[in-house]
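Below is one structure; the comments refer to it alone.
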Amino acid sequence: MPFTFSRSTDPHVDLSSLDAFNEGAPFATFDRMRREEPMAWSEMANGDRGFWSVTRHADLLELNRQADLLSSAKGIRMEDQTDEEVEARKTFQESDAPHHRGFRALVSKAFAKGTVAQFEDQIRAIVTDLLDVALAEGEFDAVDRIARRLPMQMLAQIMGVPQEDGPFLVEKGDALISNADPDYTDFVVDQLDGDAYRMLPFRSPAAIELFDYANGLLDRMDAGEQIGVLNLVREPTSTGARMSRDEFRNFFCLLVAAGNDTTRYSISATIHALANDPALLRQIQAGDFTGWEAAADEMIRYASPTTHFRRTATRDFTFHDKQVKAGDKVLLWFMAGNRDADAIADPYTIDLTRPRNPFLSFGQGGPHICLGMWLAKLEVAIVMQELAKRLTAIEQVGEHAFLRSNFIHGIKYLPVRVTAR
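In terms of our numbering, the sequence shown opens at residue 3 and continues consecutively.
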């Protein structure tokens, strides 16, 4: 019997709980909400203000493009933050136009599709090296040996930091964005008093060490050194604005955490699928298979590593007959949209040649669409290509475990056994 990706069947999961995704994504809950209450109000288990949930694909597209109605400037996670905390922790991701547009334009040059395509050889070399080690073992944790290592090694090259710093950055990035999971941090955010760290990204003390690392990069850049793509964000925007040192440190934390984790969990979902459906491996091993970009899109849709982004209503409005008030939190559950049968045919099935795939894993349709999407797609595609070349078989040999988080979702442990060609 194959190991199912998600084991959650409860149609009434408390989405505010950090344990809501421990058994996999609560798709039964999202299915019910789309069917019965597409604009649903939820209370917060921890006593913070409640929030609205948007779960239908068409609604997500409609609301995500309305940045004048739903602002990112009050935070992008469901937790409450004071104005002081928002200001201390913000990056351009937690901002609206024109501030967001100006700084995004600087960084987007480095992550454009054509630029990323030039990294194919480097990505393939990293994947080949990782597989040389893993396949020789025969049985291994695919997350540790492949999915966790590739994104950070590639990101280190793009950022221009030493490869030997990669493990440190992965460790601190995990502690930051996975701050609710005791496997990744000693400071579990909901189990300890976080007031001392409330001004830091994700309320995590790991940010202190990442800030120190970023300070060293800032000093080198101030001295005239060119460091990967990082100098780009310190250039003036079209309006003459410059990123402050505080903003750069926060941006660096975001780049390390988000740039690594979301791709990691897309890769782990991909390997999970191949290990549990031999027909998928045979399909990509066929000599006439060429649809690698479509296959990567499908696996990233299936993985849906970023579950939601929070927005804040700038004014009162009515949606699906519900009265949303100015200041209300509105959560855009992109993961739910990726399983909406009204937009994506047979959404619980992996179809690597899906002719139409309007998936939302990157926040498509809105101004905050993921900067690193082309890099993530290329990395997933190359992992699939290299596995197809080198494997006769792959199977899951033990239970997988999910990250403890209701913001980033994915498999953090995946034991597999392989037969190499």
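Don't be surprised by glycine CBs; every beta carbon is placed ideally from N, CA and C.
In or out: residue i buried (at least 16 other Cβ within 10 Å) or exposed?
i: Arg312; result: buried
i: Thr314; result: buried
i: Met3; result: Low per-residue confidence applies at Met3: pLDDT is 46, beneath 50, and the placement is therefore not dependable, though the value from the model is reported in the following sentence. It is exposed - the Cβ of Met3 has fewer than 16 other Cβ atoms within 10 Å.
i: Thr265; result: buried
i: Pro100; result: exposed
i: Ile210; result: exposed
i: Ala281; result: exposed
i: Gly329; result: exposed
i: Asp183; result: buried
i: Pro207; result: buried
i: Asp263; result: buried
i: Arg36; result: buried
i: Phe409; result: buried
i: Arg356; result: buried
i: Gly261; result: buried
Mind checking whether residue i and residue j have CB atoms under 8 Å apart?
i: Met426; j: Leu333; result: Here the chain has residues from 3 to 423 only, and residue 426 is not among them.
i: His411; j: Ser306; result: yes
i: Ala259; j: Ile179; result: yes
i: Ala338; j: Phe32; result: yes
i: Leu373; j: Val109; result: yes
i: Gln387; j: Phe5; result: no
i: Glu413; j: Ala271; result: It is worth fixing the name first, because residue 413 is Ile in this sequence and not Glu. For Ile413 and Ala271, yes; Cβs fall inside 8 Å.
i: Val231; j: Ala112; result: yes
i: Leu283; j: Leu393; result: yes
i: His59; j: Asp299; result: no
i: Phe23; j: Ser407; result: yes
i: Ala426; j: Ile269; result: Absent from the structure is residue 426, since the part of the chain shown begins at 3 and ends at 423.
i: Asn181; j: Arg205; result: yes
i: Lys174; j: Leu212; result: yes
i: Ala296; j: Phe250; result: no
i: Met154; j: Leu133; result: no
Excluding the 5 residues preceding and the 5 following residue i in the sequence, name in chain order all residues of the same chain whose CB lies nearer than 7 Å to its CB.
i: Met41; result: Trp54, Val56, Phe321, His322, Lys324
i: Tyr415; result: Asp143, Val145, His402, Ala403
i: Glu96; result: Ser74, Ala75, Gly77, Ile78, Val88
i: Arg303; result: Asn340, Asn359, Phe361, Ser363
i: Met201; result: Glu87, Ala90, Arg91
i: Asp12; result: Pro28, Ala30, Thr31
i: Asp342; result: Arg36, Arg58, His59, Pro349
i: Tyr186; result: Asp176, Ala177, Ser180
With residue i as the anchor, note down where its alpha helix (DSSP H) starts and where it stops.
i: Tyr267; result: 247–278
i: Pro169; result: 168–179
i: Phe105; result: 101–110
i: Val129; result: 122–139
i: Ala30; result: 29–38
i: Ala42; result: Note, Ala42: premise wrong, no alpha helix (DSSP H); beta strand (DSSP E) at 41–44.
i: Val56; result: From DSSP, Val56 is part of no alpha helix (DSSP H) but of the beta strand (DSSP E) over 53–56.
i: Glu381; result: 375–392
Alpha carbon to alpha carbon, how far is residue i from residue j?
i: Thr292; j: Ile286; result: 8 Å
i: Gln68; j: Ser74; result: 11 Å
i: Gly49; j: Val191; result: 15 Å
i: Asp131; j: Asp61; result: 43 Å
i: Thr309; j: Asp98; result: 21 Å
i: Ala275; j: Phe94; result: 35 Å
i: Val163; j: Arg236; result: 17 Å
i: Lys76; j: Ser18; result: 18 Å
i: Glu122; j: Lys115; result: 11 Å
i: Val135; j: Arg317; result: 55 Å
i: Ala390; j: Val15; result: 37 Å
i: Arg9; j: Gly242; result: 51 Å
i: Tyr267; j: Ala27; result: 13 Å
i: Ala347; j: Val418; result: 30 Å
i: Val326; j: Asp224; result: 46 Å
i: Gly104; j: Met245; result: 10 Å
i: Ser222; j: Asp248; result: For the sequence presented, residue 222 should be read as Arg rather than Ser. Approximately 16 Å between the Cα atoms of the pair.
Less than 8 Å between C-beta atoms, sequence neighbours within five positions excluded: which residues of the same chain meet that for residue i?
i: Ile125; result: Leu152, Met156, Leu380, Glu381, Ile384
i: Gly367; result: Leu62, Leu63, Asn66, Arg67
i: Asn252; result: Arg91, Lys92, Thr93, Pro203
i: Phe336; result: Leu62, Ser306, Thr308, Thr309, His310, Phe311, Leu362, Ser363, Gly365
i: Glu141; result: Val399, Pro417, Val418, Arg419, Val420
Between which residues of its own chain and residue i is the CB-CB distance below 6 Å, once the five residues before and five after are set aside?
i: Ala395; result: Thr421
i: Ile273; result: Ala144
i: Asp197; result: none
Could you please give the first and the last residue of the uninterrupted beta strand (DSSP E) stretch that includes residue i?
i: Arg312; result: 311–315
i: Ile346; result: Where Ile346 is concerned, there is no enclosing beta strand (DSSP E), given that its DSSP letter is neither H nor E.
i: Pro417; result: 417–422
i: Gln325; result: 324–326
i: Lys331; result: 331–334
Please tell me whether, using a cut-off of 7 Å, the distance from the CB of residue i to the nearest non-hydrogen atom of the ligand PLP is below it.
i: Ile273; result: With respect to the ligand PLP, the structure offers nothing, as it holds no ligand at all.
Using a Cβ-Cβ distance under 8 Å, would residue i count as near chain D?
i: Gln124; result: Annotation note: the requested chain D is absent from the structure, which comprises a single protein chain.
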